[in-house]
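Novice: Take this structure, written in structure tokens, and hold onto it; I'll ask about it next.
In UniProt numbering, the protein residues as written are 1 to 143.
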């Protein structure tokens, strides 16, 4: 359950913890409720589009995981080291076709020691989605 007022949102029964990447005037009001400002760069996992009432919340992967995925994507697509590949980068926008995406997933499996189901592999379209999936699989394998 979420409620929004002004420039902030309060979410109840959040299943993940939000950690700011930089100081913010946001606060966690309890273990079952999180309040954060919408217009901040401190929470990259909270996305609000201007003019839209839709807010997307997800648990973002660790920056080091995203960086490794970016490096693997650059390598698989033979992109220059200085090319702009970020968590928001879409494989298709980087020039990847379906075969390239399969090769990226294979590279991720090898690098992280995981096995990605075909259904999951087909649903990955961005670097961030790949990094999030990797961390979920690593966490699942550790349990």
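Ideal placement from N, C-alpha and C gives every residue a C-beta, glycine not left out. Keep in mind the model is a prediction, meaning the values are calculated, not measured.
Hey, out of 118, 64 and 69, whose CA is closest to residue 144's CA?
Specialist: Any answer about residue 144 is impossible in this case: the structure gives the chain only from 1 up to 143.
Novice: Here's a check: name, in chain order, each residue in its chain whose Cβ is nearer than 6 Å to the Cβ of residue 114, leaving out the five neighbours to either side.
Specialist: Cβ neighbours of residue 114 beyond the five flanking positions: 137.
Novice: Pull up the DSSP beta-bridge partners for residue 140, would you.
Specialist: Residue 140 pairs with nothing; no bridge assigned.
Novice: Can you tell me whether residue 101 is buried or exposed? The criterion is at least 16 other CB atoms within 10 Å of its CB, across all chains shown.
Specialist: Classification of residue 101: buried, given that the 10 Å Cβ count is 16 or more.
Novice: For residue 90, does the three-state DSSP call read helix, strand or coil?
Specialist: The answer is strand: DSSP assigns residue 90 an E or B state.
Novice: Closest to residue 61 by CA distance: which of 72, 87 and 77 is it?
Specialist: Answer by Cα proximity: 87.
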